[in-house]
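J.: Below is a structure I'd like to ask you about.
There are 2 protein chains.
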Amino acid sequence: MWAVIMAGGSGTRFWPLSRRLKPKQFLDITGNEPMIVETYKRISDLIKDEHICIILGKEHLEEAKKLFEGKAVQIIAEPFGRNTAPCIALGALYAMHKGVNEPISFLPADHYIANKNAFLESLKIAEKVATSGGIVTLGIVPVRPETGYGYIRRDKNLTKVDGKEVYKVREFVEKPDLETAQKYLQSGEYYWNAGIFVATSETIIKETKKCLPELYEALINLKDKFEEKDFEHVLRKAYEKAPNISFDYGIMEKTDADVYVIPTECGWSDVGSWSSIYELKRKDWDRENNLVEGEALLIDCKGNFISGKGSRLIACLGIKDILVVDTPDAILVADLKRAQDVRKVVERLKEEKKEKYL
Amino acid sequence: MWAVIMAGGSGTRFWPLSRRLKPKQFLDITGNEPMIVETYKRISDLIKDEHICIILGKEHLEEAKKLFEGKAVQIIAEPFGRNTAPCIALGALYAMHKGVNEPISFLPADHYIANKNAFLESLKIAEKVATSGGIVTLGIVPVRPETGYGYIRRDKNLTKVDGKEVYKVREFVEKPDLETAQKYLQSGEYYWNAGIFVATSETIIKETKKCLPELYEALINLKDKFEEKDFEHVLRKAYEKAPNISFDYGIMEKTDADVYVIPTECGWSDVGSWSSIYELKRKDWDRENNLVEGEALLIDCKGNFISGKGSRLIACLGIKDILVVDTPDAILVADLKRAQDVRKVVERLKEEKKEKYL
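Going line by line, the protein sequences match chains A and B. Position 173 of the first sequence, counting from 1, maps to 173 under our numbering, and the rest follow consecutively. Position 262 of the second sequence, counting from 1, maps to 262 under our numbering, and the rest follow consecutively.
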């Protein structure tokens with residue numbers, strides 16, 4: 001199998017730790033290493049370095065080169081972000097260029113997976129299914145009525161591959177309201193859409209041609225250009241013509257190809273905000289449900305997330321459900337329940353032209 | 001008139017801004033200059049530099065020398081703190097040594113006074129009263145049923161000096177509970193004890209001899225030693241024998257000398273905690289009652305005090321009644337209503353031997 005690690009995100013929800021030059025996938029917020037490295041390591045038992053292609057933004061190329069120094073992984077820099085459909089098409093074209101016919105896993109670089117083995121098991125099944133055509137998705141078995149994710153509804157007919165369940169997909173659905181999410185959870189027919197896809201390059205390009213002909217036209221000529229000297233220039237020209245659209249919206253919701261879902265229980269999280277990290281690290285909470293990283297001193301504090309990986313002491317007194325993030329040049333103090341709104345801080349910084357903090 | 005500025009405090013309630021080497025009186029938390037400088041400037045229309053003596057802790061001598069460079073003020077360093085009775089006796093002995101008979105104002109270096117003129121008016125009256133003996137206190141007319149201050153109860157008989165009220169003191173009372181404080185406020189007979197005293201050196205030494213003979217014995221020989229080479233050594237020896245006791249408790253509550261109180265309305269505060277500063281600076285509050293010092297960005301925030309005099313940006317999101325104090329090596333995030341307990345943080349730092357933050 002091949003893998004394309006999609007690392008083009010520019011996440012603003014982890015400000016002040018995440019910045020323009022260091023988005024979420026380059027932060028070690030879920031473990032000891034940058035998420036992009038954890039994503040790579042997670043699959044490296046299954047997939048050889050030579051078969052891994054990392055696609056990211058031009059501004060992060062140097063950082064990635066440092067992280068993957070000495071590894072045989074391929075790194076391709078997009079001139080600018082155009083969402084996932086162009087990124088996935090680009091990865092597929094690169095595989096085609098390399099003459100690859102095996103299925104490719106398309107993996108977001110900034111997701112957390114607690115149970116690596118369960119995840120890899122699903123990928124292996126996905127590989128088998130995808131070999132005979134169609135697009136396979138991993139469907140994360142929901143554990144709560146989450147309203148922040150899109151869902152995948154399965155068809156009734158069950159197939160088994162190597163003893164594991166595989167379903168045809170009935171439909172992709174948008175983020176539901178709470179009541180709907182509760183119904184989804186009870187029905188057992190819905191999975192979280194983690195944005196993880198497996199398909200051959202041929203399938204991806206065929207479906208791109210059918211569903212997003214404009215994108216196909218923009219990128220198809222790249223196939224023979226990857227080794228050329230002016231590839232960067234050619235890629236920029238191609239991307240300028242490419243529509244900005246997600247793979248889910250542009251392909252998955254429109255395709256008449258066979259689409260499968262493999263129910264997966266692997267402790268997945270898209271790590272969407274500081275409060276996701278707080279929840280993920282429940283085992284590190286103290287008795288009063290505080291999550292403390294770095295040097296801190298807490299008196300009469302409950303349910304706070306104190307992230308101080310800098311060299312400063314953070315002293316807290318009598319606070320509750322507060323998020324504190326300390327970095328060398330900026331501090332965030334927020335209601336932890338408002339963690340989703342951290343991007344508003346970034347928007348305001350942009351409005352106020354405080355570039356140095358972005 | 002002479003003045004003794006008492007700057008021996010080691011306040012821990014303004015951590016992390018106040019540290020061992022920079023206690024409250026050396027911070028510019030109430031205005032643009034260190035409180036000790038504001039205390040000096042407040043009286044300098046009335047009292048000549050040559051007549052001002054600053055008494056402080058040895059460890060703060062260098063800092064004070066810098067602040068008062070080129071001024072003719074006298075600075076005396078205590079080898080260690082022994083509360084206000086020894087400090088006041090020391091100041092009186094210094095004045096005696098200089099052959100001074102005029103009254104001396106004993107002024108804490110770390111209080112805030114909004115209305116300088118009203119304060120100086122009271123001092124002038126106090127000077128007149130003290131010239132003929134006795135100890136004069138400024139009694140701050142209470143504006144709320146404060147439970148954090150001691151009170152002075154006046155006698156019924158009113159004297160007028162230059163048209164201003166002067167009363168004999170009936171008693172000094174300890175910090176009351178809320179109900180008692182409310183009665184005090186309603187009665188009109190009680191004033192806040194600001195720890196500001198005016199008396200001649202002769203009176204101070206006489207009363208020290210009567211009420212605290214041990215202190216008198218320990219210090220009396222210093223009178224002729226101020227100019228001597230080994231004064232520092234002699235002072236240390238004397239202080240080692242001096243009891244650790246406040247002037248209020250050791251002298252004022254016991255003396256049978258005449259004690260007067262001059263009702264004073266000068267916008268006084270002892271600036272006892274971060275929340276006092278927040279209240280003092282009400283005019284600087286924004287529309288949502290936030291007090292912001294330094295570079296900050298607030299979204300959906302109410303009633304917070306953000307003190308960031310460092311070079312960092314402090315971004316706040318959805319927080320309420322929170323105190324944030326940023327310094328180069330330590331940050332405090334506290335419930336603003338718990339500001340009195342900031343000293344607990346300092347205690348904990350001591351327990352944990354985190355000396356570098358003290």
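Heads up, the beta-carbon is just placed ideally off N, CA and C, and yes, glycines get one too. Here the structure is a predicted model, which means the values were calculated and not measured.
1. Please report the Cβ distance between Ile-55(B) and Gly-31(B), rounded to the nearest whole angstrom; I am assuming they are in contact, meaning their Cβ atoms lie under 8 Å.
2. Using a C-beta to C-beta distance shorter than 9 Å, which residues of chain B count as neighbours of Lys-24(A)?
3. Is Ile-314(B) closer than 9 Å to Lys-164(B) when the C-beta atoms are compared?
4. Below 9 Å on C-beta distance, what does Asp-341(B) contact in chain A?
5. Just to confirm my understanding: we take Val-271(A), look at its own chain, exclude 5 residues before and 5 after, and list those with CB closer than 8 Å. What are they?
6. Under 8 Å Cβ to Cβ from Lys-320(A), same chain only, skipping five residues before and after it: list those, please.
7. DSSP beta-bridge partners for Gln-74(A)?
8. Just grab the DSSP bridge partners of Asn-193(B) for me.
9. State whether the stretch 50 to 70 of chain A contacts the stretch 6 to 25 of chain A, with contact taken as three or more CB pairs (one from each stretch) at a distance under 8 Å.
10. By the three-class DSSP mapping on this structure, what secondary structure does Phe-106(B) have?
11. Give me the Cα-Cα distance between Leu-323(A) and Val-292(A), rounded to the nearest whole angstrom.
12. In chain order, what residues of the same chain lie with their CB nearer than 8 Å to the CB of Lys-223(A), ignoring the 5 residues before and after it?
13. List the residues of chain B whose Cβ lies closer than 9 Å to the Cβ of Pro-362(A), in chain order.
14. Please classify Ala-89(A): is it buried, with 16 or more other beta-carbons within 10 angstroms of its beta-carbon, or exposed?
15. By a C-beta neighbour count over all protein chains shown, 10 Å radius and 16 as the cutoff for buried, is Asn-193(B) buried or exposed?
16. Using Cβ-Cβ distances below 9 Å, what residues of the stretch 269 to 283 of chain A are close to chain B?
17. Would you verify that the beta carbon of Ala-3(A) is, or is not, closer than 9 Å to some beta carbon of chain B?
18. Nearest to Asn-101(A) by CA position, among Asp-162(A), Val-166(A), Pro-108(A), Ala-199(A), is which residue?
19. Got a sec, what are the start and stop residues for the alpha helix (DSSP H) Gly-91(B) sits in?
20. Where does Cys-316(A) sit, in a helix, a strand or coil, going by DSSP?
21. On the DSSP bridge assignment, give the partners of Val-292(B) in chain order.
22. Among the candidates Glu-50(B), Cys-87(B), Pro-86(B), whose CA atom is the shortest distance from the CA of Gly-70(B)?
23. Could you tell me the distance, in whole angstroms, from the CA atom of Val-342(B) to the CA atom of Phe-106(B)?
24. Just mark Glu-78(A) as buried or exposed, buried being the case when its beta carbon has 16 or more other beta carbons within 10 Å.
25. Starting from Phe-172(A), trace the alpha helix (DSSP H) both ways and give me its first and last residue.
26. If you measure from the beta carbon of Leu-349(A) to each beta carbon in chain B, is any gap under 9 Å?
27. For Val-324(A), which residues in chain B fall below 8 Å Cβ to Cβ?
28. What's the call for Val-143(A), buried or exposed, on a 16-neighbour Cβ count within 10 Å?
29. Please go through the same chain and pick out, in chain order, the residues whose beta-carbon is closer than 8 Å to the beta-carbon of Lys-362(B), but skip the five residues on each side of it.
30. Taking its Cβ as the centre, do 16 or more other Cβ atoms sit within 10 Å of Glu-38(B), making it buried, or is it exposed?
31. Measure from the C-beta of Val-345(A) to each C-beta in chain B and report whether the shortest distance is under 9 Å.
32. Consider the C-beta atom of Leu-67(A) and the heavy atoms of the ligand GTP; say whether any pair is separated by less than 8 Å.
33. Would you kindly check if the distance between the Cβ of Arg-312(A) and the Cβ of Pro-328(B) is under 9 Å?
34. Within its chain, find whatever has a CB closer than 7 Å to the CB of Val-173(B); leave out the 5 residues flanking it on each side and keep chain order.
35. Check whether chain B comes within 9 Å of Gly-148(A), counting only Cβ atoms and requiring the distance to be less than that.
36. Please check if any C-beta of chain A sits within less than 9 Å of the C-beta of Arg-338(B).
T.: Well, looking at it:
1. In fact, because the Cβ distance is near 22 Å, the residues do not count as touching under 8 Å.
2. The premise fails here: Lys-24(A) is roughly 18 Å from chain B at the closest Cβ pair, so nothing lies under 9 Å.
3. no
4. Ile-299, Asp-300, Leu-317, Gly-318
5. Lys-24, Ile-29, Thr-30, Met-35, Asp-110, His-111, Tyr-112, Ile-277, Leu-280
6. Cys-301, Lys-302, Gly-303, Asn-304
7. Cys-53(A)
8. Gly-139(B)
9. yes
10. strand
11. 10 Å
12. Leu-93, Met-96, His-97
13. Residue 362(A) cannot be examined here, being either before or after the span of chain A that is shown, 1 to 358.
14. buried
15. buried
16. none
17. no
18. Ala-199(A)
19. 84 to 97
20. strand
21. Ile-306(B)
22. Glu-50(B)
23. 28 Å
24. buried
25. Taken as a continuous stretch (DSSP letters only), Phe-172(A) belongs to no alpha helix (DSSP H), being part of the beta strand (DSSP E) at 164 to 173.
26. yes
27. Ile-331, Val-333
28. exposed
29. The shown model of chain B, from 1 to 358, leaves out residue 362(B), and the question about it has no answer.
30. buried
31. yes
32. The model on display carries no ligand, and the ligand GTP is accordingly not part of it.
33. yes
34. Gly-150, Tyr-151, Arg-153
35. no
36. yes
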